[in-house]
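Novice: Positions in the sequence shown are counted from 1; adding 31 to them yields our numbering. From the three backbone atoms N, C-alpha and C, an ideal C-beta is built for every residue, glycine too.
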Amino acid sequence: MINTASIVNIPYLQLREGLNELVEGGTRFFHMDLMDGHYVPNLCYPLDLVREIKAAYPQVTADVHMMVTNPMDYIDRLKTAGADYVSFHTDSTSFVRRTIDTIHRAGMKAGIVINPSQPVDHILPYAKYVDMVLVMAVEPGFPGQPFLEGTMERLEELADLREKCGSHFLISVDGGVDRERCASCQKLGIDMIVGTRHNIFHQPDGIREACRRFEAEFGAGEQ
């Protein structure tokens, strides 16, 4: 599996130090949250930070998760910033397929996000067109929340749906995934774990060693 480390878990004044530790630990994906204070009641990260991080760490894949209304407004600017994956919530727009196609035309990989309150199979119309499906194991908007009951069953349902559809999207899961749940996700064929304080950050041996431990236990393939 891939550790796509959620940098919102790094204190702002320690951001460069934390990013360096992630890279030294073998992390190849940075998960970057964009929040607009409307879709979720929180604000997080300007687009300029995506650009600066991608310029400083060009070898790292920029996995951008938009928690915003009107996601189409951000696509061109994310292309300019150097984003690689761009994911958005399907209930944030009336034009899901158009948004997917616009992301692709901009040369980026498109992802859609399933909230805890949404049925997994609502993504069926888009399953053959997306590169990634991100399952929220917590309500979006705030880090540090506990893993919601029933999420493993939802991940299993999504993995079955992918197989039945003959689709090839990556499955990612975000929120509260600890080491034990990482092992369960691996058995289900989940591709990506959003690294949070439950498995990467706030660990007794530090970020670098937590990343190395993840790589040793769960591995990461090139994408």
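Are the beta-carbon atoms belonging to D67 and V99 less than 8 Å from one another?
Specialist: Yes. Within cutoff.
Novice: Can you tell me which of the three DSSP states D122 falls into?
Specialist: Of the three classes helix, strand and coil, the one that applies to D122 here is helix, per DSSP.
Novice: Using 8 Å as the threshold, is the C-beta distance between S123 and K159 below it?
Specialist: Their beta carbons are not under 8 Å apart, which means S123 does not touch K159 by this criterion.
Novice: Determine the DSSP secondary structure at S148, reduced to helix, strand or coil.
Specialist: Note: S148 maps to coil in three-state DSSP.
Novice: By DSSP's criteria, G220 is part of a beta bridge. Which residues make up the other side?
Specialist: According to DSSP, which records beta bridges pairwise, G220 is partnered with nothing at all.
Novice: When DSSP labels each residue in this structure, what does V95 get in the three-state scheme?
Specialist: Residue state, collapsed to three classes: strand.
Novice: Less than 7 Å between C-beta atoms, sequence neighbours within five positions excluded: which residues of the same chain meet that for Y76?
Specialist: The answer, listed in chain order, is M63, D64, L65.
Novice: Could you give the first and the last residue of the continuous alpha helix (DSSP H) run that contains F249?
Specialist: Per DSSP, F249 belongs to the alpha helix (DSSP H) from 237-249.
Novice: Below 8 Å between beta carbons: does that hold for I238 and L53?
Specialist: Yes, the Cβ-Cβ distance between I238 and L53 is below 8 Å.
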